[in-house]
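Below is one structure, written out as structure tokens, with a few remarks after it.
2 protein chains.
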Amino acid sequence: MKEKKIILIGAGNVGYHLGRRLDEKGFAIAQVFSRTFEHAEDLAEAVQASYATKFEDLDREGDLYIISVSDRAIAPVARQLARLELDNPLVVHTSGATPATALMPYFDRFGVFYPLQTFSRSRKVDFEAIPICVHAADESDAEKLLNLARQLSPKVYQLKDEQRASLHVAAVFVNNFTNYLFRVGEEILREVDLPFELLRPLILETARKVQEQSPGEMQTGPAVRGDEKTIQRHLDYLHRFPEYRELYQLLSRRIAEELG
Amino acid sequence: MKEKKIILIGAGNVGYHLGRRLDEKGFAIAQVFSRTFEHAEDLAEAVQASYATKFEDLDREGDLYIISVSDRAIAPVARQLARLELDNPLVVHTSGATPATALMPYFDRFGVFYPLQTFSRSRKVDFEAIPICVHAADESDAEKLLNLARQLSPKVYQLKDEQRASLHVAAVFVNNFTNYLFRVGEEILREVDLPFELLRPLILETARKVQEQSPGEMQTGPAVRGDEKTIQRHLDYLHRFPEYRELYQLLSRRIAEELG
């Protein structure tokens, strides 16, 4: 796909890092589209592409259109794109949460190109460690996407829509919900004037431990030990945080039942 | 405290790493005590100490006794130690969960020396990044422990019992409960024949992100966005995992109420 014309629609966190990775690996991006002028210009400059901020200015001769916008914007963007009467390109989105079939009403050739990571504009990411999950309705399109993905990352998976849906739910647990538990830790410390700094090394080591091992085997703490005395002391303490207390109880019960 | 005689009681995960760090930093450990012969011998050899496996063989001339055993064994061990009629040494435990006052019935000089990390025997730990939380009933003992701690780690905190209790609850959230969420992710993937491997880079990056920033500011995902459509799709999916569904609901509600 190296000589094919790639159009990148959306220059948010995912679009930004994906665009830069494509460029870094020698894939020319013909055009960057974003309704946010600064984003369009910024990324276009970084990858030496032209840019557009209005649909009427979009390059209609692309071979691959990558829609990298928020979940709720995927269908509206696809609809706008379909109105341009393109020449049967392959159109993919980069979302874990949206089925590929969201693109089906608009295009004959559609798929998903989903890099599984939490992206921030300001943080450099190591694409070598990012799994890319691809899917396409058509087998030869899937091959094309697999080939492209393999040049961006050594970890490439071809997933069905149902598998990607599971993966996205799992990602919410290990990323969004985990981050919320970090927040809970921060709030508990704040109440006794201790800095979050204290918890950072523990958080990092907890994540490192499961890089080689299975979390089911790494479980520690009062709940898995059946240490009712400590659990009770913690619950007494948490009377001042009723919402965290409820969460503590549910998580402890789950751990005890599943792993205790 | 460099010339003082240190006796280490317990050679489990914490005792093992703490003993090795003391030795590495030039503190002579006079004796290692463990009822598990292999543990006593193994650590004693590593730190060039003698070892004992019975209380009657314990060195009675220590200046500092470090009790590094499970929470439920602290009081029984302290009782045994007190029977030996020691010469008024400083006695500390290494637990985050047990108040210092658990040692009060047995010793005049007591305290806590708590390295906040998740230790496994087989994993090397970077003590430079481990906060050590100390506490002693007596101010000059506290000074001694602070001095000792500062030679093991640059991150030393003097905490009251109540603060350490808070810290331990917070640690359960960011370590034990977080690890359980990793396990949930693993189980959700298992059902659709996907490897946990897929989630590892996301887990690591989630932990890395909060090394510099506050988790309250890093929160992403459907709950904080108020993306009811995605939440509903996830809940529908989780009908096959009723226990995870309940957890998903509670966590999403907490995130929406607190950060949404």
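Sequences listed follow chains A and B, in order. Residue numbers for the first sequence, in this note's numbering: 34 to 293. Residue numbers for the second sequence, in this note's numbering: 34 to 293. Built from N, CA and C at the ideal position, the CB exists for glycine as well. Note that the coordinates shown come from a computational prediction; the quantities given were computed from them, not determined experimentally.
Note on A/Pro-234: 16 or more other CB atoms within 10 angstroms of its CB, so buried under the neighbour-count rule. When rounded, the separation of the alpha-carbon atoms in B/Asp-159 and B/Gly-218 is 28 Å. Just measuring C-alpha positions, the residue of A/Gly-48, A/Asn-212, A/Gly-59 sitting nearest B/Arg-241 is A/Asn-212. At least 9 Å separates the CB of A/His-126 from every CB of chain B.
Exposure of A/Arg-154 is indicated by the presence of fewer than 16 other C-beta atoms within 10 angstroms of its C-beta. One finds nothing in chain B with a Cβ atom closer than 7 Å to the Cβ of A/Tyr-84; even the nearest lies about 26 Å away. Taking A/Thr-151 as the centre and dropping the five residues before and after it, the same chain places the C-beta of Asn-208 closer than 7 Å to its C-beta, in chain order. CA-to-CA, the gap between B/Val-167 and B/Glu-161 works out to about 16 Å. Judged by DSSP in its simplified three-state form, B/Gly-144 adopts strand. If you look at A/Tyr-277, you'll find it in the alpha helix (DSSP H) that goes 275-292. Within the segment 190-242 of chain A, the complete alpha helix (DSSP H) segments of 4 residues or longer fall at 194-204, 211-224, 233-242, listed in chain order. A straight-line Cα-Cα distance of about 12 Å links A/Leu-149 and B/Thr-239. Flagged as an interface residue toward chain A: B/Tyr-270, by a C-beta distance shorter than 9 Å. Take B/Asn-46, set aside five residues on each side of it, and the residues of its chain with a beta-carbon closer than 7 Å to its own are Phe-152, Ser-153, Arg-154, in chain order. With respect to chain A, the C-beta atom of B/Arg-287 has a partner C-beta closer than 9 Å.
Shown here, B/Tyr-49 sits in a helix according to DSSP, grouped into three states.
For the pair B/His-126 and B/Val-102, the CB atoms are nearer than the 9 Å cut-off. Not a single CB atom of chain A sits nearer than 9 Å to the CB of B/Val-47.
If you look at A/Tyr-270, you'll find it in the alpha helix (DSSP H) that goes 261-270. CA-to-CA, the gap between A/Gln-246 and A/Ala-169 works out to about 32 Å. In the displayed model, A/Leu-123 falls within a strand according to three-state DSSP. Annotation for B/Ile-163: no beta strand (DSSP E) segment contains it, and DSSP assigns it neither H nor E. For the pair A/Pro-187 and A/Ser-128, the Cα-to-Cα distance works out to about 20 Å. Taking every protein chain shown into account, the CB of A/Pro-275 has fewer than 16 other CB atoms within 10 angstroms, so this residue is exposed. Apart from the 5 residues on each side of it in sequence, B/Leu-179 sits with its Cβ closer than 8 Å to the Cβ of Val-167, Val-189, Gln-191 in its chain, given in chain order.
A Cβ-Cβ separation of about 5 Å places A/Ala-133 in contact with A/Val-145 under the 8 Å criterion. Nearest CB-CB separation between A/Phe-229 and chain B: below the 9 Å threshold. CA-to-CA, the gap between B/Ile-221 and A/Tyr-147 works out to about 18 Å. B/Thr-263 counts as buried, since at least 16 other C-beta atoms from the protein chains shown sit within 10 angstroms of its C-beta.
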